[in-house]
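Heads up: the structure comes next, in structure tokens.
There are 2 protein chains.
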Amino acid sequence: MRARDLAEPFPVVTLGTDAIDAARLLAGQRLPGLIVCADNGRPTTVLPGSQVLRFLIPQYVQDDLALARVYDEQGSDDLLGKLFDSKVSDVLPRKQDLDEIPIVDQDATTMEVAAVMARMHSPIVAVTDGETLLGAITVSRLLEQLLPSAPAQP
Amino acid sequence: MRARDLAEPFPVVTLGTDAIDAARLLAGQRLPGLIVCADNGRPTTVLPGSQVLRFLIPQYVQDDLALARVYDEQGSDDLLGKLFDSKVSDVLPRKQDLDEIPIVDQDATTMEVAAVMARMHSPIVAVTDGETLLGAITVSRLLEQLLPSAPAQP
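Chains as they are written, first to last, in this note's numbering: chain A, 1 to 154; chain B, 1 to 154.
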């Protein structure tokens with residue numbers, strides 16, 4: 001089985017999408033992450049949900065977890081509940097190594113898909129045919145596909 | 001709002017659970033990850049779904065992603081579909097830094113919960129009262145709670 005056989009439709013956002021709309025898409029549909037596409041439809045970034053949270057967390061708190069602990073309850077809620085007038089392009093991680101974005105070719109094997117997810121700590125991979133997004137594979141989808149055929153334990 | 005207010009019931013596995021049952025629990029309930037508890041009920045590890053995939057991937061493939069690409073289609077499916085007679089304790093990561101396990105105290109603020117998820121690339125955090133597991137918070141749950149109250153964009 002190849003990646004193309006496992007890929008399912010997945011909503012995408014673009015670099016110009018409002019960051020708050022991207023976060024709401026993730027929350028509302030309980031997506032495991034976001035796929036960000038360029039204007040030509042080519043996926044450029046795949047962000048696990050945990051990394052989408054960075055949209056909402058000040059940089060200095062991301063740099064030093066201890067600073068998160070000094071916020072009082074109300075201050076914490078206020079800060080997190082407030083999303084500025086940002087686009088997705090404004091809140092993406094600055095530096096991205098292309099080798100570390102969970103995108104696989106449609107010909108990738110299940111082993112490669114699993115290894116990419118594990119290596120990149122990503123609950124989803126985007127599946128492409130050249131520059132075109134075919135869909136996405138989630139960890140649940142991959143496991144569901146693999147496990148039913150597992151031999152019974154002796 | 002504190003972690004205790006956001007925590008929801010979450011299924012757990014123990015170190016003695018069959019690894020395949022743990023993987024099936026994740027897939028069947030589409031959980032974002034697994035919470036592993038010691039015999040006394042204390043959570044000891046929280047594994048994102050992407051890391052549960054390591055149960056199924058040979059170590060040498062995890063060490064070198066390029067090796068995943070040389071598997072042919074059938075070989076890849078066979079290998080991944082086969083889970084040995086392992087317990088969860090057999091397949092957990094060897095070294096674990098306690099500071100890098102996404103477990104928070106019930107008094108943690110939403111900011112701390114978000115920062116822990118982002119820092120540790122985890123779609124869930126376990127919430128504890130001392131050594132007792134109260135439940136878990138997912139990225140979706142946290143965002144759902146935070147975003148509806150976000151002020152309208154100007």
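Glycine included, every Cβ here is placed at the ideal spot set by N, Cα and C.
Pick from B:Val12, B:Ala136 and B:Ala19: whose alpha carbon is nearest that of serine 122 of chain B?
Checking every option, the nearest Cα to that of serine 122 of chain B belongs to B:Ala136.
Would alanine 23 of chain A and valine 127 of chain A be called neighbours here (beta carbons separated by less than 8 Å)?
no
Proline 11 of chain A bridges to which residues according to DSSP?
Looking at the DSSP assignment, proline 11 of chain A forms no beta bridge with any residue, so it has no partner.
For leucine 34 of chain A, does the three-state DSSP call read helix, strand or coil?
strand
Tell me which residues of the region 43-58 of chain B have at least one Cβ-Cβ distance to chain C shorter than 7 Å, keeping chain order.
Among the chains of the structure shown, chain C does not appear; the protein chains present are A and B.
8 Å is my cut-off, CB to CB: does arginine 4 of chain B come that close to chain A?
no
Taking CB distances under 8 Å as the criterion, tell me whether valine 61 of chain B reaches chain A.
yes
What does the alpha-carbon distance come out to for the pair glycine 16 of chain B and isoleucine 101 of chain B?
19 Å
Hey, does proline 9 of chain A have any beta-carbon neighbour from chain B nearer than 8 Å?
No, its Cβ sits nowhere closer than 8 Å to a Cβ of chain B.
Please state whether the Cβ-Cβ distance between leucine 143 of chain A and cysteine 37 of chain A is less than 8 Å.
no
Could you tell me the alpha carbon to alpha carbon distance between serine 86 of chain B and leucine 92 of chain B, rounded to whole angstroms?
C-alpha separation (whole angstroms): 10 Å.
Report yes if the CB atom of glutamine 62 of chain A is closer than 8 Å to the CB atom of arginine 54 of chain A, and no otherwise.
The Cβ-Cβ distance between glutamine 62 of chain A and arginine 54 of chain A falls below 8 Å.
Leaving out five residues before and five after aspartate 107 of chain B in sequence, what residues of the same chain have Cβ atoms less than 8 Å from its Cβ?
Arg2, Ala3 and Arg4
Rounded to whole angstroms, what is the Cα-Cα separation between alanine 114 of chain A and valine 12 of chain B?
Here the alpha carbon of alanine 114 of chain A sits roughly 23 Å from the alpha carbon of valine 12 of chain B.
What in chain A is Cβ-close to proline 123 of chain B, meaning under 9 Å?
Pro32, Gly33, Pro48, Gly49, Ser50 and Pro123
Check whether the Cβ of glutamate 100 of chain A lies closer than 8 Å to any Cβ atom in chain B.
no
Using a 10 Å radius around the Cβ and a threshold of 16 neighbouring Cβ atoms, would you call proline 9 of chain B buried or exposed?
exposed
With 8 Å set as the bound, which would you pick, yes or no: does the beta-carbon of alanine 22 of chain B sit closer than that to a beta-carbon of chain A?
Contact with chain A is absent for alanine 22 of chain B, since none of that chain's Cβ atoms lies less than 8 Å from the residue's Cβ.
Nearest-angstrom Cα distance between threonine 109 of chain B and leucine 65 of chain A?
12 Å
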